[in-house]
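Just below is one structure, and these are the notes that go with it.
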Amino acid sequence: MDIFLQQIINGLVQGSIYALVALGYTMVYGIMGLINFAHGEVVMIGTLVTITVAGTLIKVGMPVALAGLAGLSAAVLVCMALGWGLERIAYRPLRNAPRLTPLITAIGMSIVLQNVAMIVWGRNYLTFPHLLPKINFEFAGASFTAVQVMIVVVSGLTMAGLIFLVYRTKLGMAMRATAQNPQVASLMGVNSNRVISAAFVIGSALGALAGVMVGTYYEIAHYQMGFMLGLKAFTAAVLGGIGNLAGAMIGGVLLGIIEALGAGYIGDLTGGFLGSHYQDIFAFVVLIVVLMFKPSGLFGEKTGDRA
Amino acid sequence: MSKWLNPRSAFGIVLIAVALIALPFVAAMGGQAWVRIVNFAILYIFLALGLNIVVGFAGLLDLGYIAFYAVGAYTYALLASPHFGVHWPFWAILPIGAAIACVFGVLLGSPTLKLRGDYLAIVTLGFGEIVRIFMNNLNAPINITNGPQGITLIDPVAIGDFRFSGTTQILGISLSGPQKYYFLLVALAILVIIINLRLQNSRIGRAWQAIREDEIAAKAVGINTRNLKLLAFAMGASFGGIAGGIFSAMQGFVSPESFSLIESIMILAMVVLGGMGHIPGVILGAVLLSILPEVLRYGVGPLQMALFGKMLIDPESLRMLIFGLALVLVMRFKPAGLWPSPERKRELGEKPAGGA
Amino acid sequence: MQAKLSVVALSVAAALAMTACGKKEEPKPAAAPAAPAAPAAKPAVVVKLGHVAPMTGPQAHLGKDNENGARLAVEELNAKGLEIGGAKVTFELLGEDDQADPKQGSIVAQKLVDAKVNGVIGHLNSGTTIPASKLYSDAGIPQISGSATNPKYTQQGFKTAFRVMANDVQQGKALGEFAAKQGVKTVAIVDDRTAYGQGLADEFRKAAEAAGIKIVATEYTNDKATDFKAILTKIKSTKPDLVFFGGMDAQGGPMVKQMKELGVKAKFLGGDGVCTPEFMKLGGDASEGNFCSLPGMPLEKLAKGPEFKDKFNKKFGAEIQLYAPYVYDAVMVMADSMKRADSVDPAKYLSAVGQTKYDGVTALVEFDEFGDLKGGAISMYQFKGGKLEYVLTLGGPAAEAPAAAPAAAPAAAPEKK
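Protein chains in written order, with our numbering: chain A, 75 to 381; chain B, 250 to 605; chain C, 3 to 419.
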């Protein structure tokens, strides 16, 4: 039983990271129906910026907590600028283009960002500075750390904050209006360009936050780390119903738990025929099965082909 | 048939024929390596045209196309290598590979019929990964694919005693292995181009176009959207299967790492960059995206040396950087692709609104 | 009609574009004069040796190291002034870059075959060496790799394929024996599902089972993973004495860290993929006390090792990264074979390569019937205080008494594909 609990904890933490990244995807998708394939790269840039800033400050002698905060702020600022720039330069001119065009642009941007990061930070793996003290907890035979608790709490709070933003503020109302119909919204006095920019900026800030979480958890970073993470997070967003904030969160956590339990138990369940080498396909199999019965994901609204 | 006799058209055909026959010999002047590069370009044309049926004609976004290529490659590898000790001739295996890929196409197609746009994209992407992961792991409990080690010693294409590897003399002309494959590939590519052209203007092609533009309307006018979508998946997959078989024979070695997600994305980029649904555009996209990295590979390093006297940036990363930028810029200034079909250009010109 | 015409135009344009590319490249390989195959020629014969390794990309530093090894050998040979078949020979090295990419590997292999080289040294990675070996075999050109360790390279039945380094079978076996020697009773095996990792883990498993060790868990990850908690949790429940990992340092480092976090008590053992400073950097304190292996012996332990190191450092002003001594020996073995066959013609000296008995820097080089190094040595190391410490050598020539000198640590992981 303690093993089962441990696997649930493993999955919950991993899933919270997916969820945090997935929120960024879903934020942009919900408003303009665009898969921002480069979002994983934004997360990567967030991690690497934190390493540089916090690492340097710690070396200079600044207290770890302060350096960590400075690193986080720098990452958030850089990523916000990056998100704004991405939208302004790459995506905005393509609003009326055929639907696959922005997808290719996003892929191109993802390649560009990866290679820029490689030129700036090099090809080797980097170590993330220790920002939080190592505290271990024990619960019913399962162990977990303070960092893990923080990750789950942060992603929960982030989702709550976003829901508040979208459903309780004026900007949120403008966002929802733009998502419904950009033309009509702009007739009603909503500056849809600004709203879309805001969505990108917020999504990218979340990406930076996710990047810092990933960094603190695994303590390593690499210029290619964003791609796989982005892909899994995107899967999570679709699983939950892309465009739906709570859906992204639930999809992420679900995906993490499915992966952990899958890796932990598939071997025993199939008498050793399937093993943890199939870990990466559980997510996709579950996704395909869910979409067969609910073509818009678990919590997605039934919409037309809006992409 | 009379239009083939039109002097302008006939002249054009002769010109192409001459250019196509001369190409491998001209390329060989720069070394057989360039013939190999040209061969890969033709292989990509083949793949891009296959994917074009699914994405360009029927409008179904497929991010897992490489799976069919992998299925074809492994079918060839298993039926013509010492791995199982079977050595069937290529004319038997290629159709089998195409058929198996076709089955996989339908397998992928059927659960995804209800899905649209981005949902379809992620499911096809997942499917591609599932196929690759299975190939990487099916070495136990029964060794089918030899897992990550891949399969070596795959037979080259051979007709009777005439083998496509190694150099042979024909009519006093010495033909190297890559040059022979070149002619095989060109013959197959012409076949695919003809099939694509015929399809585009057929009843099926128009039905696909109708589905692409508006599925509900298409259904309303009595088009069997389900069967037609499956047909598009199946046909696209078959072409992928054939291309995979040739790849296997040409390389003599296959392993799962050749079939990663990035390859699917590359082929999709070829289709979109060239001009979705427009056959000459897709060919252009495939040629550009497969040759460009090679040209950059040989151009970027020496250019830096000449300009700065040393390597400032690793050529490999600069190459990918330029490649990524090219994708972004082309999409920015030619959103319908470099060479879109005339109708598509018109539509875009007239209809500025369209669902974002 | 219109569509057809545009096809016409496009194809012509494409053809022209390709032609242009072909032409642009012409000047470069033009430096390939007629083959120097005639053995009886009186004037000096130029023997062309191809060398292939990634010169750009993540493994560029290893590629450069290999090429330096080959360059040193070629210069020494030329300075000595060999006479083969009655003519004075000079060696010329044609360096090519395969970028560790199998497709590119076959393209540069074709280039070397076109240039009618007399022999090939390389490639660096198994992933590129295996597809390229077919091209060399078809052309009858002998190939000696100093670093490709995948057993498949020599098992394809090509008469032209040789290597002067212990392969993964030998390494896996040595790792298994070492585990038994350490008194390990139960082991969990993890591999990263790459050709290298899976191959190594399989050989380790055979050796461990043969030595009576019980395999309590077999888990898998991939070469991009960062999270191993799910499989480690499962491993923890089986309580092994040792976790064996077939894979690279980028996964191994975080893996030992997560083992510590989860409270897995087992020791960690890996192959050359984790035997790097990078592993210690990523694993932090958690890497302390764990073991890994490297093929061959530390240079300090070899009779000619220190001398070679001095020569190399003086010549290039750089430290040896990893495989340079092996590549150096590969060139020497090839030259030695030519001398014994008294011919530089690949068809004639090929059989002499198989009968090599050459006392090189790294070992007494002798090949078995596959072209593998006979009795390749494997050395074990332990991570201690942020350093790799030599423990012992298995196989190969009798190991000398272990000295305290830390081994020449490689700078980064040899990323095998």
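Where a beta carbon is used, it is the ideal one built from N, C-alpha and C, also for glycine.
The three-state reading of DSSP puts C/Tyr222 in strand, counting E and B together.
Between A/Thr100 and chain B, the shortest Cβ-Cβ separation is not below 9 Å.
Counting C-beta pairs closer than 8 Å gives three or more between the region 234-252 of chain C and the region 195-209 of chain C, which meets the contact rule.
By the C-beta density criterion, B/Asn476 is exposed, having fewer than 16 other C-beta atoms within 10 angstroms. Of the other Cβ atoms in all chains shown, fewer than 16 fall within 10 Å of the Cβ of C/Asp370; this residue is therefore exposed.
In the three-state DSSP reduction, C/Asn315 falls in the helix class (H, G or I).
Leaving aside the five residues that flank B/Ile408 on each side, none in its chain has a CB nearer than 7 Å to its CB. Residue pairing by DSSP puts C/Lys90 in a beta bridge opposite C/Glu85.
At least one CB atom of chain B sits nearer than 9 Å to the CB of C/Lys113.
By the beta-carbon neighbour count (other beta carbons within 10 angstroms, threshold 16), C/Thr58 is buried. The beta carbon of A/Met101 sits closer than 8 Å to those of Leu236, Ala273, Ile276, Gly277, Leu280, Leu319, all from its chain and outside the five residues before and after it, given in chain order. Look at B/Thr417: its C-beta is not under 9 Å from any C-beta on chain C. Secondary structure of A/Gly345 (DSSP, three-state): coil. In the three-state DSSP reduction, A/Val228 falls in the helix class (H, G or I).
DSSP assignment within the region 311-399 of chain C yields the following whole beta strand (DSSP E) runs of 3 residues or more, N-terminal first: 380-386, 389-396.
The alpha-carbon separation between B/Tyr325 and A/Leu261 amounts to approximately 60 Å. Unbroken alpha helix (DSSP H) stretches of 4 residues or longer found wholly inside the region 149-192 of chain C: 154-157, 170-183, given in chain order. For B/Met569, the chain A residues whose Cβ falls inside 9 Å of its Cβ are Ile185, Val186, Gln188, Asn189, Met192, in order along the chain.
For B/Ala575, the CB contacts under 8 Å within the same chain, skipping 5 residues up- and downstream, are Leu541 in chain order. Residue C/Val333 holds the alpha-carbon nearest to the alpha-carbon of C/Asp361 among C/Ile380, C/Val333, C/Lys386. Within the region 92-154 of chain C, the complete beta strand (DSSP E) runs of at least 3 residues fall at 121-124, 145-147. Among the residues of chain C, none has a CB under 7 Å from the CB of B/Pro589; the nearest is roughly 11 Å distant.
Neighbours of A/Met366 in chain B, taken as residues whose beta carbon is under 7 Å from its own, are Pro360 in chain order.
Residue state for B/Ala407 is assigned as strand, using DSSP reduced to three classes.
Apart from the 5 residues on each side of it in sequence, B/Pro589 sits with its Cβ closer than 7 Å to the Cβ of Gly524, His527, Gly530 in its chain, given in chain order. With the rule of 3 Cβ pairs closer than 8 Å, the region 393-409 of chain B does not count as touching the region 258-270 of chain B. C-alpha of C/Glu290 to C-alpha of A/Ala337: approximately 28 Å in a straight line.
For B/Gln418, there is no enclosing alpha helix (DSSP H); the enclosing beta strand (DSSP E) has its first and last residue at 417-419. Per the C-alpha coordinates, the member of A/Phe238, A/Arg166, A/Ile193, A/Arg173 positioned closest to A/Asn267 is A/Arg166.
Within 8 Å of the CB of C/Ser239, the CB atoms of chain A belong to Ile77, in sequence order along the chain. Interface annotation for the region 345-359 of chain A against chain C: Gly349, Ser350, His351, Gln353, Asp354, criterion Cβ-Cβ distance under 8 Å. The Cβ of A/Thr126 sits no closer than 9 Å to any Cβ of chain C. When C-beta distances to chain C are compared with 8 Å, the residues of the region 396-412 of chain B below that value are Gly396, Pro397, Gln398, Gly399, Thr401, Leu402, in chain order.
At a cut-off of 4 residues, the continuous stretches assigned as alpha helix (DSSP H) that sit fully inside the region 154-230 of chain A are 175-195. Ranked by how close their Cα comes to the Cα of A/Met323, the residues A/Ala282, A/Ala295, A/Leu97, A/Val364 have A/Leu97 in first place. By the Cβ criterion, the region 141-161 of chain C is in contact with the region 364-380 of chain C, since at least three pairs of Cβ atoms, one from each stretch, lie closer than 8 Å.
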